[in-house]
Each structure stands twice: as C-alpha cells, then as structure tokens.
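S.K.: In UniProt numbering, the protein residues as written are 1 to 397.
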Ligand SMILES: Cc1cc2nc3c(=O)[nH]c(=O)nc-3n(C[C@H](O)[C@H](O)[C@H](O)COP(=O)(O)OP(=O)(O)OC[C@H]3O[C@@H](n4cnc5c(N)ncnc54)[C@H](O)[C@@H]3O)c2cc1C
C-alpha cells in the first residue's frame, strides 16, 4: 500500500527555497527580535537621517542594541550574548535590511573594536572595556586605514614609540566608522617591534576625531578621521597578543563575515520593494509585473538573493564549526555584496523614476552598498585573495 503523499508546503515569495528550514527556534527568535527593533527604531526615521547625513541619537541606539544583545553578539563572557555565528549573521541581515549604516555601527563595535580586545587583549583590558561596550554604554572604533594606505595597510605611517614605560602615538587614520562618537579607539600603529594594536581612550590629550562630511553613501553612519598627535599611553595600552598585520586582518575577517549576511538584507529590502511595486504599478493597462521583462528581472533577483542567503548560512555553519577559512569569507563577501548591488540597481529600474526617490528604500541601499563594496577589503582585494588561493600565485604586488 502506498502512503498518500502529504501536500507540499505553499510557495512563499519571501522564502522561495524554504531556507527557514535551516533555522532553529532560537535562530528565529533572535531574527524576530532584531527585525522588530529595526522596524521600530530605524525604519520610521532612516530616510530622514539619510537625507540630513546624520545618525542622531546614536548613543541611545547603541544602548538599545546592547540591550537586545546585538553588540559583540557571538563573543563569550564579559556581558556578551555568546550567540552562534549564524545568529549573529541573521542579526546583521535584519539590521542591514533597514540600513547599512546601522549594521556598520554594530559590525565595527562588535566584530572590530570589541573582537580586537576580546581576542588580543589582556584580562584587565577585557574587564575594563567589554562589558560597557556590550551594553552600548561605550562606543568603539577601529583605526586601520590611513589617507595613503587603504588596501595595503602594511605601509601605514602611524607609529608608536616608547618613552620610558609609556607609548607615544602619532599619525592619522581615515574613514573610521564611529570615530567621532567613540569612547575608545583600537588603533593600529607601527613600532620597533612591528605592527601593534593600542586601546586608546578618546578623551586623551592629542586625540581628535573630526567627522568626514559630504558622503553620498552610508549617510546615516558616522565616519571620521582620527588625528593622533603625540598621544601618551600607559605601557598596558598595547594589545599584548596582537603582533603583526595578521591581528587586524583577523578582526576584519570577523566583520566581513557579518557583511556576507548583511548585504543580503539590503538586497532583500530592494527585492521586496520591486516586487511590491511590480504588482501594483500599472502601465499599458496592466501591472508592470505582468510583463515578461519585469518578471525576468524579479526571477533573477530572487535567484541571487536566495543563493546569497544560502551561501551565508553555509559559511555561518562552518564558522560555528570552526572550519571557516579566510578565503571562504572572501568568497562570500565578494559574491554577496556584488550581487546585492546588482539587485538594488535592478530594483531601481523596476521602480522607474520613483526608484531615485528617498520615499523608497532602493537608492539609499544601492548607494550604501558602494561603501560596503569598498570597505572590509575591496571587491578587487577579495578577487586577488581567491585568485591566489586558486592558482597558488600571489598577484597583490
Ligand atoms: C564609509 C566607510 C567606512 C569605513 N570604515 C572604516 C573603519 O571603520 N576602519 C578602517 O580602518 N577603515 C574604514 N574604511 C576604509 C576602507 O577599509 C578602505 O576604504 C578600503 O580598505 C580601501 O582603501 P582605499 O579607499 O584607500 O582604496 P585604495 O586602496 O587606494 O584602492 C583604490 C582602488 O584600487 C584598487 N587596488 C588597490 N590595490 C590593488 C591591487 N594590488 N590590484 C588591483 N586593484 C587594486 C582597489 O581595489 C580600489 O578599487 C571605511 C571606508 C568607507 C568608505
């Protein structure tokens, strides 16, 4: 006797591959919490913040993000949530579905500044900074890029010299997210002993962080220059376990991992905006979603969006299993940011003239993703990482 097959679950346009099957109940709960927070606190105002080029109330937002466990989410101890990397990824996706600037705030806080202290800091540094950073009471920034050294930070000029037992830090960092609002900066500098990381309270004499204005991307995010003019630090300001460029690169790996997920959040919002518009906007007497050319766009967007989410899940599982390689993070960052931009641009065409208006989220996401394509390693750097892994030949210089 053959059993009657159970009916297939219905097709869900918001999850066409049924990827929710991959999630545990706890994963779904984390996702719902972050989605709700973003819907309440970011979506109603983000277009206005974007237009003004500000992130007002950033300190309050940081405290709220701390309260929902989103800061240093996958770190353990010191007030951090100890969530899985898949859960952290889901949080990044939901935050970036609202705006890449909010996800950047969280990535820099958790994956760069906090991770650097958590992974390379002394017990004292961890106790001093991490609980307050996890709670969002102290905002952190991460200073690696300089005006003349971006993709190739090995050439950095910022330096730290010994003066007795103190360190004296001098130099400039550029394009630093959260810089002007940070209470603590993790700054990378060359020393007689190679590149080292320093934990720098931002109220010290000689430290300044002027905000960078006139950005046409990530406008709802604070981006700053760091000016370090003979900033005197005690001997224990250095991160004891960070020696050489590998340490900041390891932090970047953490942040890139979050971007693999986050970019798909921006893409999801643009896809949904295009789908909704295509169903309701009429031209030539019928919804534009009824034209084959529009359907081809929507089908291709759905393919890349869901393949990207599937890729993020796969990498997240490897990260949780401790088997995720840096080249695989490059794979994910390169693919997902590139495809996310493509989805946003295609969505823009579906919306026609409305696509360029801030009344819709599409152009905001598309311009944000231009920064995301460049920071945490440009697309070209990730192509070179993959090219080297594939061929065994280094084409960086
Ligand atoms: C909004 C925003 C926020 C940022 N936040 C931070 C932050 O918090 N902390 C921080 O340290 N940095 C931050 N950055 C800086 C970011 O990481 C750098 O912009 C990035 O690393 C690229 O450096 P660059 O802009 O100097 O470009 P460059 O390195 O000058 O590159 C310019 C172009 O040349 C290409 N290129 C360079 N070398 C090669 C090569 N060998 N082969 C082929 N092509 C090459 C690049 O891919 C790129 O297309 C931020 C940037 C932005 C835009």
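Positions of the beta carbon are idealized from the N, C-alpha and C atoms, including for glycine.
Report yes if the C-beta of residue 95 is less than 8 angstroms from at least one heavy atom of ligand 1; otherwise report no.
M.R.: Every heavy atom of ligand 1 is 8 angstroms or more from the Cβ of residue 95, so no.
S.K.: Please determine, among 45, 108, 189, 48, the residue with the shortest C-alpha to C-alpha distance to residue 70.
M.R.: Comparing Cα positions, the closest option is 108.
S.K.: Between the stretch 139–155 and the stretch 184–203, can you find at least three pairs of beta-carbon atoms closer than 8 angstroms?
M.R.: Contact holds: three or more Cβ-Cβ distances are below 8 angstroms.
S.K.: At what residue ranges does the stretch 142–185 contain a whole run of the beta strand (DSSP E), taking only runs of 3 or more?
M.R.: Whole beta strand (DSSP E) segments, 3+ residues: 159–163, 166–177.
S.K.: Ordered along the chain, which non-local residues of its own chain (more than five positions away) have a Cβ less than 6 angstroms from that of residue 17?
M.R.: These residues qualify, in order along the chain: 306.
S.K.: Can you tell me whether residue 188 is helix, strand or coil according to DSSP?
M.R.: In the structure shown, residue 188 sits in a strand (DSSP, three-state: E or B).
S.K.: Taking 8 angstroms as the cut-off, is the CB of residue 313 close to at least one heavy atom of ligand 1?
M.R.: Because no heavy atom of ligand 1 lies under 8 angstroms away, the Cβ of residue 313 does not count as near it: no.
S.K.: Residue 14: buried (16+ other C-beta within 10 angstroms of its C-beta) or exposed?
M.R.: Exposed, by the Cβ-count rule.
S.K.: Whole alpha helix (DSSP H) runs in the stretch 57–100 with 4 or more residues, listed along the chain?
M.R.: Fully enclosed alpha helix (DSSP H) runs of 4 or longer: 58–67, 85–98.
S.K.: By alpha-carbon positions, which one of 114, 120, 273 ends up nearest to residue 129?
M.R.: Looking at the Cα atoms, 114 is the closest of the given residues.
S.K.: Looking at residue 366: is its Cβ nearer than 9 angstroms to the Cβ of residue 89?
M.R.: In this structure, residue 89 does not lie closer than 9 angstroms to residue 366 by Cβ.
S.K.: Is residue 173 close to ligand 1? I mean its beta-carbon at under 8 angstroms from any heavy atom of the ligand.
M.R.: Yes - ligand 1 has a heavy atom lying nearer than 8 angstroms to the Cβ of residue 173.
S.K.: Give me the Cα-Cα distance between residue 356 and residue 348, rounded to the nearest whole angstrom.
M.R.: C-alpha separation (whole angstroms): 7 angstroms.
S.K.: Between the Cα of residue 364 and the Cα atoms of 96, 177, 234, 35, which residue gives the shortest distance?
M.R.: Ranking 96, 177, 234, 35 by Cα distance to residue 364 puts 96 first.
S.K.: I'd like to know whether the C-beta atoms of residue 235 and residue 196 end up nearer to each other than 9 angstroms.
M.R.: Taking 9 angstroms as the Cβ cut-off, residue 235 and residue 196 do not qualify as a contacting pair.
S.K.: Where does residue 242 fall in DSSP's three states?
M.R.: Residue state, collapsed to three classes: strand.
S.K.: Across the stretch 264–272 and the stretch 220–237, are there enough close Cβ pairs to call them in contact, namely three or more that are closer than 8 angstroms?
M.R.: Short answer: they don't touch.
S.K.: Compute the Euclidean distance between the alpha carbons of residue 248 and residue 116, then round it to the nearest angstrom.
M.R.: Cα to Cα, the separation comes out at about 7 angstroms.
S.K.: Assess contact between the stretch 291–299 and the stretch 336–352, defined as three or more Cβ pairs (one per stretch) separated by less than 8 angstroms. Is contact present?
M.R.: The stretch 291–299 is in contact with the stretch 336–352.
S.K.: Return the residue from the list 61, 328, 257 that minimises the CA-CA distance to residue 39.
M.R.: Residue 39 has its Cα closest to that of 61, out of 61, 328, 257.
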